[in-house]
Structure formats: structure tokens, C-alpha cells
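Residue numbers (full-length UniProt numbering): 1 to 171.
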């Protein structure tokens, strides 16, 4: 199957050739989806919302500058984060204005291990509108959950603040 299939959508006006990821082959497509989910339950979960949150694992690109489809961040249409272990990262907001940032050696390291270039970025390049929207969605869901369990007041506020802390840790 194709990139459209891996993103969980049917093909429409793409460059695929005979991949059967269309409405005409719906039964075959559903069988393939079930097979993929059987091997990996997170196969079709978004990297930016839902199950896995952006930056859980991060990429480990070495030569692509994180600008090719085999970079999981680039493929998911998200910027690299401090969780990434990439070399020469150019998948960040300021990348069009600045030359690729190479890794800087960690001063305190005996082995000269380098920190990810993404860790050197400003907060504005990580906290994008999409990230803010996702965090707000999580906070609203937590507030509604607390309200549904009749945990208003201080208990509800505490749960929302805990969720906010969790979201910040993920960012």
C-alpha cells in the first residue's frame, strides 16, 4: 500500500499505481487495515493527536536534514522536537532563514556526545499553533471528564493542572 494508506485515508488524486486503497476495493482495504492493526495497534494513530503525542519518540535522522519522507516527523507534518536525536536538523521554523544547525558538542561530556540540534531551538519553534490547539483540547477533555465525575471545584482544577503539567512535559 501507499503513503495515503499509512496515513489512514483513501487515495484521491495521488501518484499511486494499483494500490487498491480506494472505495472500489473497500473490502480488500479493510482486510489490510485489520491485518496492520493486528501487528501494530498504533499503526494508524496520528503522531500529533490522539494516542501518541508529538515528540514521544522523535526521529533519528543522520543525513537527510529531516526533510525527506523517511523522517517520521517530516512525514507526520510536524517540526522536530527536543526528543529527536537527529543530526543536521533543518525541520524547524527558522530553517528557511538559517543554514542547517549542526550538533554542538556537549561541554560536560567525556565522549563528546552531542545534544540534538532541536534542543537548541527557541520555544517559539516548538510551541506552534497546532501544539497549543492540541493542549487546549486535552485540557478541555480533562475538565469535562472531571465535571462528568462530579469533581468540581478544587478537585477539577487539580486534574486540569495535572494534565497541563503532563502536556508541558510532552512538549
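Think of the CB as a built atom: it goes at the ideal place given N, C-alpha and C, for glycine as much as any other residue. These numbers come from a predicted model, not from an experiment.
Check                                                                                                                                                    : Outcome
Going by Cα to Cα distance, which pick from 18, 156, 34 and 130 is closest to residue 144?                                                               : 156
According to DSSP, is residue 153 part of a helix, a strand, or is it coil?                                                                              : helix
In the DSSP assignment, find the unbroken alpha helix (DSSP H) run with residue 37 in it and report its ends.                                            : 26-39
Any idea what DSSP makes of residue 74, helix, strand or coil?                                                                                           : helix
Relative to the alpha-carbon of residue 62, which residue among 19, 11, 142 and 87 has its alpha-carbon at the smallest distance?                        : 87
Straight-line CA distance for residue 84 to residue 154?                                                                                                 : 37 angstroms
Could you pull the start and end residues of the alpha helix (DSSP H) that residue 65 belongs to?                                                        : Looking at the DSSP string, residue 65 is not in any alpha helix (DSSP H), and its letter there is neither H nor E.
Is residue 80 buried or exposed, if buried means 16 or more other CB atoms sit within 10 Å of its CB?                                                    : buried
Out of 70, 128 and 60, which one is the CA nearest neighbour of residue 92?                                                                              : 128
With a cut-off of 8 angstroms on the beta carbons, I'd call residue 21 and residue 4 a contact; round off their distance for me.                         : 6 angstroms
Under the assumption that residue 59 contacts residue 72 (Cβ atoms under 8 angstroms), give the Cβ distance between them as a whole number of angstroms. : 5 angstroms
Quick check on the burial criterion: 16 or more other C-beta atoms within 10 angstroms. Buried or exposed for residue 165?                               : exposed
Where residue 75 and residue 68 are concerned, what is the direct C-alpha to C-alpha distance, given to the nearest angstrom?                            : 8 angstroms
Quick one: is residue 131 buried, meaning 16 or more other Cβ sit within 10 Å of its Cβ, or exposed?                                                     : buried
Let me know the secondary structure DSSP gives residue 148 once reduced to three states.                                                                 : helix
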